[in-house]
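Okay, so the sequence shown: first residue is 3 according to my numbering, each after it adds one. Report on the following structure.
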Amino acid sequence: MRADMFKVIVERPRWGSRHASAAKLKRSDPGIHFIGHKRHAFIDAPYPKGLNENLAPMVRFLQSRRGRRWDDVFGEICAHLDTGSTVKMHVRQHLDDFVASRISIGRYGEWMVDGELVVDRNRWGWRRWRFFVDPVDRILRDGSELARRLPPANRAAKGGRR
Numbered sequence: 003m004r005a006d007m008f009k010v011i012v013e014r015p016r017w018g019s020r021h022a023s024a025a026k027l028k029r030s031d032p033g034i035h036f037i038g039h040k041r042h043a044f045i046d047a048p049y050p051k052g053l054n055e056n057l058a059p060m061v062r063f064l065q066s067r068r069g070r071r072w073d074d075v076f077g078e079i080c081a082h083l084d085t086g087s088t089v090k091m092h093v094r095q096h097l098d099d100f101v102a103s104r105i106s107i108g109r110y111g112e113w114m115v116d117g118e119l120v121v122d123r124n125r126w127g128w129r130r131w132r133f134f135v136d137p138v139d140r141i142l143r144d145g146s147e148l149a150r151r152l153p154p155a156n157r158a159a160k161g162g163r164r
């Protein structure tokens with residue numbers, strides 16, 4: 003992973019930064035002496051600002067590490083994105099948007115994420131992850147392989163919880 007990955011991901015103009023009004027009170031109402039930034043933005047700004055992160059470099063990095071142990075890949079990420087910086091920690095939190103890393107094996111051999119069975123792609127919505135960590139061998143795999151690698155206990159299950 004590049005040492006400046008967090009800069010590549012985060013340094014991008016914010017949405018609304020070009021057309022959002024200044025956060026100063028326009029003295030249109032003489033009775034108001036002070037107004038907070040959030041209240042002013044809510045009242046006066048027609049276009050709010052928003053975050054605009056370029057997460058494509060992180061996805062490309064994860065694609066290049068498919069087939070490797072997740073512990074090694076995550077260790078490489080943590081080496082450059084430590085928890086000492088708020089920005090770096092925020093970038094690390096986006097890993098959950100792309101990688102299903104907390105898949106566990108239930109008591110009947112089924113795969114589960116946060117207490118829910120990985121059953122039906124339409125109902126559960128696990129297609130949002132582009133990658134997953136195989137709970138058997140802890141290898142980072144492409145999300146398209148998840149349906150093929152599910153154990154028979156998941157294919158036979160009907161509901162979301164047991």
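Every residue, glycine too, gets a C-beta built ideally from N, C-alpha and C.
Taking the alpha carbon of residue i as the reference point, which residue from the options has its own alpha carbon closest?
i	options	result
Asp99	Arg151, Phe134 and Asp139	Phe134
Tyr110	Ser66, Glu55, Ala5 and Pro153	Pro153
Pro137	Val61, Ile105, Ser66 and His92	Ile105
Glu147	Arg62, Gly69 and Gln95	Gly69
Glu112	Pro59, Ala158 and Ala58	Ala158
Pro59	Leu97, Asn156, Ala155 and Val120	Leu97
Once the 5 residues before and after residue i are set aside, which same chain residues still bring their CB inside 7 Å of it?
i	result
Arg71	Arg140 and Ile141
Asp84	Lys90
If residue i and residue j are in contact, beta carbons under 8 Å, what's the gap, nearest whole angstrom?
i	j	result
Leu64	Val101	7 Å
Trp131	Gly145	5 Å
Leaving out the 5 sequence neighbours to the left and right, which residues in its chain are closer than 8 Å to residue i when beta-carbon positions are compared?
i	result
Ala5	His82
Arg151	Asp136 and Arg143
Cys80	Arg94
Asp73	Arg140
Excluding the 5 residues preceding and the 5 following residue i in the sequence, name in chain order all residues of the same chain whose CB lies nearer than 6 Å to its CB.
i	result
Asn124	Below a pLDDT of 50, predicted positions are generally treated as unreliable, and Asn124, at 47, falls in that range; no measurement from the model is reported.
Ser103	Val135
Does the beta-carbon of residue i have 16 or more other beta-carbons within 10 angstroms, so that it is buried, or is it exposed?
i	result
Arg163	Confidence at Arg163 is low in this model, with a pLDDT of 49, below 50, so the placement of that residue should be treated as unreliable; the coordinate-derived value is given next. Exposed, by the Cβ-count rule.
Asn56	exposed
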